[in-house]
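Okay, so here's the structure we're looking at.
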Amino acid sequence: MAGKQPATAIEARGISKVFGSGQNETRALDDVSMQIRPNEFFTLLGPSGCGKTTLLRMVAGFEVPNSGAVFLGDEDITGTPPNRRPVNTVFQNHALFPHLSVARNVAFGLEMLGKPRKEISDTVARMLALVRMEQFANQATNQISKSQKLRVALARALAPRPEALLLDEPLIALDHKLRKEMQLELKRLQAETGIAFVFATQDQQEALTMSDRIAVMNAGHMIQIGSPEDIYSRPSGRFVASFIGESNFFEGTVQSVKGDVADIRMPSGHIVTARLGAAKPEGSVTFAVRPEHVRLEQFGVAGTMPAKVTQAVYSGTDTHCHLELDGGERLVARLQNAASGGPAYDKGMRAGVRFDEGAAHVLAD
Amino acid sequence: MTDEHPAAALPTGKRSIFPVKTIPGLSAVAVISIAVLYAPVFALVVHSFHAGDSGALWQGFSLKWYVAALENREVREAFMRSLTVAASASAIATVAATMAAVARTRTFPGRTAIHLLINQPVMMPEIIMAAALLIVFASIKAATGYAGLGYLILAHAAFCVPVAYLPVRARLESIDLNLEMAAADLYATPWQAFRRITLPLMAPGIAAGAILAFVISLDDVIISEFVKAAGQDTLPTYMLGQLRQTVTPEINAISTALIALTAILLCIFFVLSPTRERKS
Amino acid sequence: MATMETSASSASNHEALANSRRTRNSWLLSLPAVLLLLIGASGPLLVLLVCSFLEPGDYGGVIWKPGIEAWFKTIFSDGIGGDAIQLADAHLLIFWRSVKVSLLTVLVTFALGFPTAYFIATRPRPQRTVWLFLITIPFWSSLLIRTIAILEMIRGEGVINTLAIWIGFIDQPMQMLHTEGAVLLGMAYVYLPLMVLPLHASIERFDFRLLEAGYDLYANRWQVFRRIVLPLAGPGIVAGSILVFVSSLGAYVTPRVLGGDESAMIASLIGYQFSQAENWPLGAALAILLLAAVAIVLVIFIRTLCAERADDR
Chain A
43 MAGKQPATAI EARGISKVFG SGQNETRALD DVSMQIRPNE FFTLLGPSGC
93 GKTTLLRMVA GFEVPNSGAV FLGDEDITGT PPNRRPVNTV FQNHALFPHL
143 SVARNVAFGL EMLGKPRKEI SDTVARMLAL VRMEQFANQA TNQISKSQKL
193 RVALARALAP RPEALLLDEP LIALDHKLRK EMQLELKRLQ AETGIAFVFA
243 TQDQQEALTM SDRIAVMNAG HMIQIGSPED IYSRPSGRFV ASFIGESNFF
293 EGTVQSVKGD VADIRMPSGH IVTARLGAAK PEGSVTFAVR PEHVRLEQFG
343 VAGTMPAKVT QAVYSGTDTH CHLELDGGER LVARLQNAAS GGPAYDKGMR
393 AGVRFDEGAA HVLAD
Chain B
2 MTDEHPAAAL PTGKRSIFPV KTIPGLSAVA VISIAVLYAP VFALVVHSFH
52 AGDSGALWQG FSLKWYVAAL ENREVREAFM RSLTVAASAS AIATVAATMA
102 AVARTRTFPG RTAIHLLINQ PVMMPEIIMA AALLIVFASI KAATGYAGLG
152 YLILAHAAFC VPVAYLPVRA RLESIDLNLE MAAADLYATP WQAFRRITLP
202 LMAPGIAAGA ILAFVISLDD VIISEFVKAA GQDTLPTYML GQLRQTVTPE
252 INAISTALIA LTAILLCIFF VLSPTRERKS
Chain C
94 MATMETSASS ASNHEALANS RRTRNSWLLS LPAVLLLLIG ASGPLLVLLV
144 CSFLEPGDYG GVIWKPGIEA WFKTIFSDGI GGDAIQLADA HLLIFWRSVK
194 VSLLTVLVTF ALGFPTAYFI ATRPRPQRTV WLFLITIPFW SSLLIRTIAI
244 LEMIRGEGVI NTLAIWIGFI DQPMQMLHTE GAVLLGMAYV YLPLMVLPLH
294 ASIERFDFRL LEAGYDLYAN RWQVFRRIVL PLAGPGIVAG SILVFVSSLG
344 AYVTPRVLGG DESAMIASLI GYQFSQAENW PLGAALAILL LAAVAIVLVI
394 FIRTLCAERA DDR
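In structure tokens, the structure reads:
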């Protein structure tokens, strides 16, 4: 291997893809670009049908874009068939070969590459050890559990040491507990192998906990790419703010700008200080506040906005307080429950509402 | 994964309070119908072991009609001819049908036309095909002078294509298309992916198709009757010819042997066929 | 910017190339089957059509002289004098008989087949497979042998006569063979599985909770059967009836073995033109006529099926 590593493992440049024609035409991807660095855990996050699977299939070589190009390092691989791309996929249903044993499944890619027999058996053993499936080597693939199938699929895709591993919602069929377990497992595998993982999921929690970077997609568009922290606390727009976590949205007009923050007047007359980020600092804007950043105080405390509790929903760790500000805006506050006793607020009570400092964030769109 | 019907999942063995599915009288008719379906064949089989000549009154057990059939040179020749034709025709048809089935997993222009063409022999009465083939082969015979078994084999191969196509296609449809993609993803060329993944998974379907085609060819009467040259009787056309004369239990013995062969082959076919349960 | 443009055009090139290669490969793969069927099935049909417009040879075969005499003769026959034209009574009678016997076969197979299909479809899963297997075996096995089995039952010295005489119902064997009734019996027998299988396929898909709903809304058993079960089985009933009707209309073996000259059907008539009568063009014309009849029935069937599908959505 050359000592110099390219800055990007995989790059997609201006990819567009249209399926069907005439009335059935659907634009699956519209001018989508992304750059994936070597050795990073990169997540494509979006609702089903947002185009993330299509994008993955393009990187894998199963789809050809109508326009745009896919690069592996510096090499344009747009038209390269999948069997000549050093990129491997973990399929959503795992696609294990039903007529081959676990070990033969893992060996398949190496056999196709014409590796010597010794190397194949060594690699297979190492891969099975990596995913902790050594004792299942000779099992048939229909005799193992769902999470074991996923482990085999991972071993199979990692065995040829691809430049990047593509994972198309591989955890979707697992129940909650196994899912958590496999999330950690995937994280560990990525760290141990140092291979770039491109992981598609609809689950924002999964994306936030696992990723180095997240690309949020919707309706064939790339909406925002950034670190989990970026995406969560500095969402670029309404879609990201509501798809990842929950948000209260408020309309308002910019009163004054001080560096990175602005004072915004809401229609009810209350004034809120909000971070501007990339948003334009003028006119009417939308800003978002996470429910966990809303504080409730006694009614009438200075610096709070008077409000009425319209509903209080108890959910174990938290209570969700639905509030209506005097003046009309509605919002939700998430309050952690105290060790003793029930919720501190109940329907009909009056309270003062305050936002944590830096909690309000002006959206760019 | 179970597509078991919710209602069917009820313990029908234990009497539920109100048997919703039961419609009075239907079960009796059903059991009688199925019995009636088998009774004549059963009688025919029994009769083939009959020591008597023609009457149905039981006169004792004997294998003499089997011996008579075996010693009959015409029967032996017709049987060998039937086997030759069925084996060749089903082999040709299965290969062609398998290739067409593989092609049809991909969408391409003309797909529907090929599908219609393949199923064409199924949709029309055999007598029409028989008449058409008689005319065509008569002119070829006149032009080339060739009068061998080739005509029979070609005609049988043609009507066996849709028969072999059916189970091959069903099997192919039950194979996850992702598997071929996974193979391609793991550096297999299209040919390697087919050879190492699709073909082994298809194998039971191909075998099932070949068996079914063999059975259908073996049992064919009408097309063989019209296409065969003089002295080219297959077993079924020989039997049909014999029926014009007085029926002896020899025909029953031949029938029983054919039934046994067919039944065995069909059992193998059912074991190999994809189960209906897996529709996901 | 320049790289962007080239990559865009190369992308669509890749796609076009992949598509055309796929199309070519698919056609190549289909080629053996296509050739086989063109030579062994579809092509001969065209020849049949051509043949029907030629003149018959003296000893079978055709003379390459165009004419529509064959088509004329399907319905009309020359009078005894040679100049008077009259309807070919024999042909019309055979057409009529074919349709009549086929319709009756549909009725009989439905009367027996519906209960059978319903019974099988309502068995629990493992049992159901066995019952279905019992229907499928005859479906795939030899029509000739199954016809011979019926022949064995009804011939003069056959099982039924022997049994009846032995019990003392009758003194002399009944003449059952070579009657229209014998043909009907034989056809109903051999085509019963053809009715049961599509019926079963549609009944198996029932949501039996609909029956519960029917009972819940005060329907009695007959009303549930009449208003819920039968309509739901509609597509299966249509499919089974068409299959049986089309097969019966073209039946050759069963009428030939069980029927006499007085109960000949259209397929026997076609066969006769190619053997004893040695009038190939007439045989071809009759075959085309049969094909047209079958095609019309099938088109009606497909229309009905499409309408049902459209209703589902």
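Residue numbers (this note's numbering), protein chains in the order written: chain A, 43 to 407; chain B, 2 to 281; chain C, 94 to 406. Note that the Cβ used here is the ideal one computed from N, Cα and C, for glycine as well. Please read these numbers as outputs of a predicted model, since none were measured by experiment.
- Legend: CB atoms of the segment 93-118 of chain B lying less than 8 Å from CB atoms of chain C belong to residues I93, A94, V96, A97, A98, M100, A101, V103, A104, R105, R107, F109, P110, G111, R112, I115, L118.
- Judged by DSSP secondary structure, A:K222 falls within the alpha helix (DSSP H) whose first and last residues are 218-235.
- For A:T361, there is no enclosing alpha helix (DSSP H); the residue is found in the beta strand (DSSP E) stretching over 360-367.
- Taking C-alpha positions only, A:T68 is separated from A:F239 by approximately 28 Å.
- The beta carbon of A:M154 sits closer than 9 Å to some beta carbon of chain B.
- The beta carbon of C:Q268 sits closer than 8 Å to those of G249, all from its chain and outside the five residues before and after it, given in chain order.
- Distance from the CA atom of A:F104 to the CA atom of A:P123, rounded to whole angstroms, is 7 Å.
- Counting along the chain, A:Y356 sits inside the beta strand (DSSP E) bounded by residues 347-357.
- Taken atom to atom, the span from the alpha-carbon of B:T238 to that of B:D221 is near 8 Å.
- Listed in chain order, the positions of the segment 119-149 of chain B with a beta carbon within less than 9 Å of a beta carbon of chain C are I119, Q121, P122, M124, M125, P126, E127, I128, I129, M130, A131, A132, A133, L134, L135, I136, V137, F138, A139, S140, A143.
- Closer than 9 Å to the CB of B:L38 there is at least one CB belonging to chain C.
- For B:A92, there is no enclosing beta strand (DSSP E); the enclosing alpha helix (DSSP H) covers residues 74-105.
- Within 9 Å of the CB of A:P123, the CB atoms of chain B belong to A185, T190, P191, in sequence order along the chain.
- Ranked by how close their Cα comes to the Cα of A:A195, the residues A:K160, A:V101, A:Q134, A:I214 have A:Q134 in first place.
- Taking a cut-off of 8 Å on C-beta distances, the segment 152-171 of chain B touches the segment 90-100 of chain B, as three or more cross pairs fall below it.
- With its beta carbon less than 9 Å from one in chain A, B:N179 belongs to the interface.
- Proximity of the segment 204-221 of chain B to the segment 360-373 of chain C falls short of the contact definition, fewer than three beta-carbon pairs being nearer than 8 Å.
- With a threshold of 9 Å between beta carbons, C:S135 makes contact with chain B.
- From the listed residues C:P374, C:L128, C:I228, C:L124, the smallest Cα separation to B:C268 is found for C:I228.
- Between the alpha carbons of C:P291 and A:S109 lies a gap of roughly 48 Å.
- Within 8 Å of the CB of B:P201, the CB atoms of chain A belong to H141, in sequence order along the chain.
- Put simply, the backbone Cα of C:T255 is about 8 Å away from that of C:P266.
- Neighbours of B:I207 in chain A, taken as residues whose beta carbon is under 9 Å from its own, are absent, since the nearest beta carbon is some 14 Å off.
- Three or more beta-carbon pairs separated by less than 8 Å are not found between the segment 169-184 of chain B and the segment 134-152 of chain B, which leaves the two stretches without contact.
- As the crow flies, the alpha-carbon of C:L128 is around 14 Å from that of B:P122.
- B:V169 carries a helical assignment under DSSP once its states are collapsed to helix, strand and coil.
- Comparing alpha carbon positions, the residue from A:M347, A:S382, A:A344 closest to A:D360 is A:S382.
- With fewer than 16 other CB atoms across the displayed protein chains lying within 10 angstroms of its CB, C:L110 is exposed.
- The way I'd put it, the segment 212-220 of chain A doesn't touch the segment 154-172 of chain A; fewer than three beta-carbon pairs between them come closer than 8 Å.
- Non-local C-beta neighbours of C:S191 in its own chain, meaning closer than 7 Å and more than five positions away in sequence, comprise L342, M358, I359, ordered along the chain.
- Under the DSSP assignment, A:E53 falls in the beta strand (DSSP E) whose first and last residues are 52-61.
- The residue among A:V144, A:S298, A:E211 with its C-alpha nearest the C-alpha of A:E176 is A:V144.
- Considering only beta carbons, the part of the segment 22-46 of chain B lying closer than 7 Å to chain C consists of K22, I24, P25, L27, S28, V30, A31, S34, I35, L38, P41, V42, A44, L45, in chain order.
- Taking 9 Å as the CB threshold, A:T68 stays off the interface with chain B.
- Of A:G319, A:N290, A:A199, the smallest CA-CA separation from A:V299 is found for A:G319.
- Per DSSP, the unbroken alpha helix (DSSP H) holding C:E162 starts and ends at 162-168.
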